[in-house]
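S.K.: One structure, as C-alpha cells, below. Some questions next.
Number of protein chains: 2
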Amino acid sequence: MTDHALFLAAADEILGSRGLTRDPDLIEPWLTDWRGRFHGQAMAMASPASTEELAALVRLCVAHHVPIVPQGGNSGMAGGATPDETGTALLLSLRRLNTIGPVDVEGQKVTCGAGVILQTLHEAAEAAGMRFALTLGGKGSATVGGLIATNAGGTQVLRHGSMGALVLGLEVVTPDGQVFSALTPLKKDNRGFDLKQVFIGSEGTLGIVTAATLKVVPAIARRVVIWAGVADVKTARALLLHCEAMVADGLEGFEILPQASLEAVIDHVPATRPPLESGHPWHVLIEVVSDRSGADGLQERCEAMLEAAFEKDLLDDAVIAANETQAEAFWQIRDSISAAERARGPAVQHDVSVPVEAMPAFIDEAVPRLQQAWLGTEAIAFGHLGDGNVHFHVIAPQGTDGPTWHSGDGKAISRDVHDLVTRWGGSISAEHGIGQLKRDELARLGDPVQLDLMRRIKHALDPNGLLNPGKLI
Amino acid sequence: MTDHALFLAAADEILGSRGLTRDPDLIEPWLTDWRGRFHGQAMAMASPASTEELAALVRLCVAHHVPIVPQGGNSGMAGGATPDETGTALLLSLRRLNTIGPVDVEGQKVTCGAGVILQTLHEAAEAAGMRFALTLGGKGSATVGGLIATNAGGTQVLRHGSMGALVLGLEVVTPDGQVFSALTPLKKDNRGFDLKQVFIGSEGTLGIVTAATLKVVPAIARRVVIWAGVADVKTARALLLHCEAMVADGLEGFEILPQASLEAVIDHVPATRPPLESGHPWHVLIEVVSDRSGADGLQERCEAMLEAAFEKDLLDDAVIAANETQAEAFWQIRDSISAAERARGPAVQHDVSVPVEAMPAFIDEAVPRLQQAWLGTEAIAFGHLGDGNVHFHVIAPQGTDGPTWHSGDGKAISRDVHDLVTRWGGSISAEHGIGQLKRDELARLGDPVQLDLMRRIKHALDPNGLLNPGKLI
C-alpha cells in the first residue's frame, strides 16, 4: 500500500465507518466557506466521536505528515476552516463532539463538547433558567469550538466580553496528539501563565479545542429596548458613558447606525419601519436588562436615564419599545443592515476596532476620506460603539460589476481601510478572526515583534506545521 | 579585559552610573527574599531608567550569556525574584520605571511603569475619584510589574479578579531584547490569541514587564461590612451564594476563618476584640460596596439580605459594622491572622485553591486528615472562600524547634497538603506564584502535558534560558 492508503486504513481503524468518509458528496458542502469566498479540497473528512479518538488520529497524522484543517459549523467569516486546493489535508469535523453536560446553576457553568451548536447551548441554558451570554447571526451553525478558536464576538460583548471571556475551562488536543485537559475551573490558579489563553483565538493553528467549561449567567428577567436619534457619533459616545453611569452593569447592548443604513433597511426589508418619526444623522439602539425577578424599577430607571440625557442634550429623540414585539422589531432593523446592503450592490466589509474613546474621531475621518478617495462609493460604519468595534462597509458605485470590483478596487479599498485602522492603533479584525482572508494583511500591518513571538510559539507547539496550515500566520 | 569586565563596561555605557551598581551594600538588601527563605548572589544590580535602556541591556546580556533576574518590590512570597548563589546573574531592578500616567476617568484606565508601587497607584487613582481594585499586604512595596509577573491576588478578587484581569495593555521586553508593545487597549481584537496572557503570571521567565495599562473603577461611595457566625464551611458557602443572589455585583469580599484563628488574634494582637458575643465554629467577614453616590439603600439591602439569611438558617448571628472604625476593626482581625499565628510558633503555610464549590468538602477532609497524620499539629484554613482559595496553615506541636521542623516534618506536611489539593483538582499556588519555593512541587504534581507545553514556549521565547533561570519551570 502507498503511505496515503496506509494512513487512510489506519484512520479508518481509529474512527470507524461513521468517523471517516471519502465520499465527495458528503465532503463537498464543507469545502467552501460560509461567505463563498474560499474553496478547497480534502483527502477525506474525519469526524471523531471522542477526544481519545481525535488524539489518536492526530498522532497518526503526525506520523504520516498529513495536514489537519479543523472545522466546526463552517460559518466563520475569514475562511479559517477551509482547506487549501492541494487536497493533501484531512478535513477534521468536530461536530460529533456534541455532548452537553448538565447546567450547573449554582456554579454558573456548563461543560460541553466542541461540536455543540450555539443555539443548542442557548436552549440548554434557558431550560435551566440561565443564559449563555454570547450570540451572533450564525448561532444555528456556529459551534463552541469554532467560537473559541476565533474568540468570536457579537452584540453582548459590551457587558459579557467576547467568547474568550466566557471560557472557564478548556480541553485541547495538541499538535502532537496529547490531551491538555483543564476543564475544571479554578477561580485562582497561579501555576505560571494561563495556558488556555494560548489556544483561545488561535484559529486551530496551535491546538484543537475538544471541550470547554463555559460561564452561564442568570436568565434575563426583564429588558428595556430603546431607540434614540442623535446628532453625531461623538454625542452617541457621550450618551453611552451617560448610560453606563446610570444603569451600570445592566447595559447590555449599545449599537449605532447612520440614517443611510436605517433607510436601506426600510427600503429593502419587508415590514420594517422607522422607530422615530423624523430622521436623525445617527441612530442608537440601547438594551438594558435585569436578571432580578420581580419589579425592580428597571423601566423607571431607564426613563430617568433618558430624561437626564435629554437635559444634557445627548439625544434628539428617543422611544422605549412598548412591548417585546416592538423590542424585537428594533433589533430586527439592526440585524438587517447587512442584508439590506447586499440588496443595494457589491460592498467590501471590514470588521475593525480602534480604542473605544477614539471611535467617534475615527468614523469622522474615515467615512469622508474613503468616499473622497474612491468616488461614487458610500462608506457606512455601524455596530458596537461600546466595544470600539464597527463594521465598516464600503459600497461600490451604482452599476458596478461585483466580481471585477471585488478583486480590483475592492481590494485596494480594504488596504486603505486597514492602513487607516492601523494608524489609529486599531485592529483589522475585531471579532471575525484572520483565517486566510486577512492573513496577508496581518503580515503586512501587524507588529513585527508580536508576529515573531506568535510564530515562535507556533513552531514550538507545531514544529511540523500540520495544524491548519496557511491560516492566521 | 575579560568578557565579564567587557560586559560590565558596556552595561555601564548603556545605563550610566545611577543605572548600574556593584556596591555590595547597595545590592545586599535585594538578595534575600521577603520571607527570608532564599538568599542569592549577583554580579551587579542594573536599574534601567527606560524601556529602551532595558532592551539594550537585555541584548547585551544575550551577547555575553549573562542570566537576568528581574525584581520589583522584592516582596513576593515564593522567592521568584531572588538570584541563585552562583553570583553569575545580573539582578535587574525595575523600580526606576516608576512613571505613572494621568488617570483616564472616562476610559477607566491608567498607564504606568512596572516600578510603580501599588500604594502609589492606589493614591493616584483615589486622587482622580477612582480606585485600583487590587490590594494586598505588601502594597507598600509590591510593584505593578511584580504583581503582573505573579498574577497576584488579594481580598478583592471575588469581584474584580486577580491582577491579570485588571491588565488592559502591556509592554514587555522579550528575552532577545525586542520591545513588545501593546499598551493601547482594544476592547475587541481578534488577530490571533492574546499574546499578553503569555507574560502575565510567567514570573519573569518569558519576558520582562516594563509598563502596563490597568483598569480602574469608580471609587467606592459607601461600604457595609458584616461579621457573621456560622455553623460550618458548607453553610458559609450557602450564605455566599445567598449574598451573591441578593446583592449581585456589590459583593466585594467574603472571607472565612475558624474560631481558633479568631481566638489567636484576640489573644496575640493588642486592642482586638471579638465582633460577636459568643463563639461560633466559623466566622465570615462580608463586604458589600456601592460606587453610586447618594443614598441607594445599600444598608437596607444588606439588612434584608441578613434577615433572609437568618430565615434560611444560613447564619447563627451577625452584626453590621456601625461605622468605618468598626469596619476597619473587623478587617484588622482578618488581616492579623498570620501575625497572630507567628506568635504561636512555627507553621507551614500553603496557598491553595480547589474548585469553588468543592471548598467546604475539601476543608472538612483536609483539616482532620492532616491533624491525625501529624499528631500535635493544628491545621487552620482561612481566607477567600468565594475564590475557592484558602490559606492552609499547619502549626507545629507546642515547643517544636522551628528550623529543624521546617526542614523535616514541615516539608513532609507540605507534600501531604499538595498531594491532597492535587487530588481535589486544585492548585498548589492560588495567588503567590511558584518561584523557586514550589518549583519542584510543580514538577512533581503538575500536569505533564501542561508542563511540556509551558517548557516548549519557554524554550521558543528564551532559547538561551537567560531569563530568571531556576524559577517556575
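In order, the protein sequence lines correspond to chains B and P.
Here the UniProt record's numbering is used: the first residue of the first sequence is 1, the next is one more, and so on.
Here the UniProt record's numbering is used: the first residue of the second sequence is 1, the next is one more, and so on.
Glycine included, C-beta positions come from ideal geometry on N, C-alpha and C.
Since residue 131(B) sits in a beta bridge, which residues does DSSP pair it with?
M.R.: DSSP lists 217(B) as partners of residue 131(B).
S.K.: Work out the CA separation of residue 156(B) and residue 299(B) for me, nearest whole Å.
M.R.: For residue 299(B) and residue 156(B), the distance between alpha carbons rounds to 20 Å.
S.K.: Under the assumption that residue 145(P) contacts residue 114(P) (Cβ atoms under 8 Å), give the Cβ distance between them as a whole number of angstroms.
M.R.: Residue 145(P) to residue 114(P), Cβ: 3 Å. Contact.
S.K.: Tell me the rounded alpha-carbon separation between residue 92(B) and residue 78(B).
M.R.: Computed Cα separation, rounded: 17 Å.
S.K.: Between the Cα of residue 398(P) and those of 234(P), 344(P), 442(P), spot the shortest distance and give me the residue it belongs to.
M.R.: Nearest C-alpha to residue 398(P): 344(P).
S.K.: Taking 8 Å as the cut-off, decide whether the C-beta atoms of residue 258(P) and residue 100(P) are in contact.
M.R.: Not closer than 8 Å, so no.
S.K.: Of the choices 62(B), 266(B), 70(B), 4(B), whose alpha-carbon is the least far from that of residue 30(B)?
M.R.: Here the closest residue by C-alpha is 70(B).
S.K.: For the candidate residues 131(B), 448(B), 468(B), whose alpha-carbon lies nearest to that of residue 106(B)?
M.R.: That would be 131(B), whose Cα lies nearest to the Cα of residue 106(B).
S.K.: Is residue 185(B) close to chain P? Criterion is C-beta to C-beta, closer than 8 Å.
M.R.: It does: the Cβ of residue 185(B) has a partner Cβ on chain P nearer than 8 Å.
S.K.: Does the beta carbon of residue 459(B) come closer than 8 Å to any beta carbon on chain P?
M.R.: With 8 Å as the cut-off, residue 459(B) counts as an interface residue toward chain P.
S.K.: In the DSSP assignment, the beta strand (DSSP E) including residue 475(B) goes from what residue to what residue?
M.R.: Nothing in the structure corresponds to residue 475(B), since chain B is present only between 1 and 473.
S.K.: Distance check for residue 63(P) and residue 232(P), CA to CA, integer angstroms please.
M.R.: Rounded to whole angstroms, residue 232(P) to residue 63(P) spans 59 Å at the Cα level.
S.K.: How should residue 467(P) be labelled, buried or exposed, when 16 other C-beta atoms within 10 angstroms of its C-beta is the threshold for buried?
M.R.: So residue 467(P) counts as buried.
S.K.: Straight-line CA distance for residue 135(B) to residue 411(B)?
M.R.: For residue 135(B) and residue 411(B), the distance between alpha carbons rounds to 30 Å.
S.K.: Classify residue 407(B): buried if its beta carbon has 16 or more other beta carbons within 10 angstroms, exposed otherwise.
M.R.: With fewer than 16 other Cβ atoms within 10 Å, it is exposed.
S.K.: Is the region 383 to 396 of chain B in contact with the region 174 to 190 of chain P, if contact means three or more CB pairs nearer than 8 Å?
M.R.: As far as the Cβ criterion goes, the region 383 to 396 of chain B touches the region 174 to 190 of chain P, which means the pair count is three or higher.
S.K.: How long is the line joining the alpha carbons of residue 290(P) and residue 361(B), rounded to whole angstroms?
M.R.: Roughly 33 Å separates the two Cα atoms.
S.K.: For the alpha helix (DSSP H) containing residue 10(B), list its first residue and its last residue.
M.R.: Taken as a continuous stretch (DSSP letters only), the alpha helix (DSSP H) holding residue 10(B) covers 3 to 15.
S.K.: When the Cα atoms are used, what is the spatial distance from residue 254(P) to residue 384(P)?
M.R.: So the two alpha carbons sit approximately 6 Å from each other.
S.K.: Restricting to Cα atoms, I'd like to know which of 306(P), 212(P), 330(P) is closest to residue 269(P).
M.R.: Of 306(P), 212(P), 330(P), the residue nearest in Cα terms is 330(P).
S.K.: Under a three-way DSSP split, which group does residue 28(B) fall into?
M.R.: Residue state, collapsed to three classes: helix.
S.K.: Tell me the rounded alpha-carbon separation between residue 160(B) and residue 442(B).
M.R.: Straight-line Cα distance between these residues: approximately 27 Å.
S.K.: Under 7 Å between beta-carbons, which chain P residues line up against residue 472(B)? List them in chain order, please.
M.R.: Per Cβ cutoff of 7 Å: 192.
S.K.: Is residue 155(P) helix, strand or coil by DSSP?
M.R.: Correct three-state label for residue 155(P): coil.
S.K.: Of the residues 167(B), 190(B), 86(B), which one's Cα is nearest the Cα of residue 212(B)?
M.R.: Taking only the C-alpha atoms, the option nearest residue 212(B) is 167(B).
S.K.: Residues of chain B with a CB under 7 Å from the CB of residue 162(P): which are they?
M.R.: Result: 188.
S.K.: If distances are taken between C-alpha atoms only, which option among 227(B), 426(B), 53(B), 138(B) comes closest to residue 35(B)?
M.R.: If we check each option's Cα against that of residue 35(B), 138(B) comes out closest.
S.K.: With the cut-off set at 8 Å, would you say residue 192(P) and residue 473(B) are in Cβ contact?
M.R.: Contact: yes.
S.K.: Whole angstroms are fine: how far does the CA of residue 203(P) sit from the CA of residue 151(P)?
M.R.: Answer to the nearest angstrom: the Cα atoms are 8 Å apart.
S.K.: Could you tell me which of 54(P), 368(P), 446(P), 285(P) sits nearest to residue 176(P), measuring between CA atoms?
M.R.: Ranking the options by Cα distance to residue 176(P), first place goes to 54(P).
S.K.: Where DSSP assigns a beta bridge to residue 454(P), which residues make up the other side?
M.R.: Bridge partners of residue 454(P): none, in fact.
S.K.: At 8 Å on the CB atoms, spell out the chain P contacts of residue 422(B), in chain order.
M.R.: Under the 8 Å cutoff, chain P gives no residues; its nearest Cβ is about 11 Å from residue 422(B).
S.K.: Going residue by residue through the region 289 to 314 of chain B, where are the continuous alpha helix (DSSP H) segments of at least 4 residues, counting only ones entirely within it?
M.R.: 298 to 311, all fully within the region 289 to 314 of chain B.
S.K.: Exposed or buried, what is residue 235(P) when buried is set at 16 or more other beta-carbons lying within 10 Å of its beta-carbon?
M.R.: With 16 or more other Cβ atoms within 10 Å, it is buried.
S.K.: In the region 411 to 439 of chain P, which residues sit with their C-beta less than 9 Å from some C-beta in chain B, listed in chain order?
M.R.: Answer set for the region 411 to 439 of chain P: 425, 426, 427, 428, 429, 430, 431, 432, 433, 434, 438.
S.K.: When you compare the region 364 to 376 of chain B with the region 431 to 447 of chain B, are there three or more beta-carbon pairs, one atom per stretch, that lie closer than 8 Å?
M.R.: Short answer: they don't touch.
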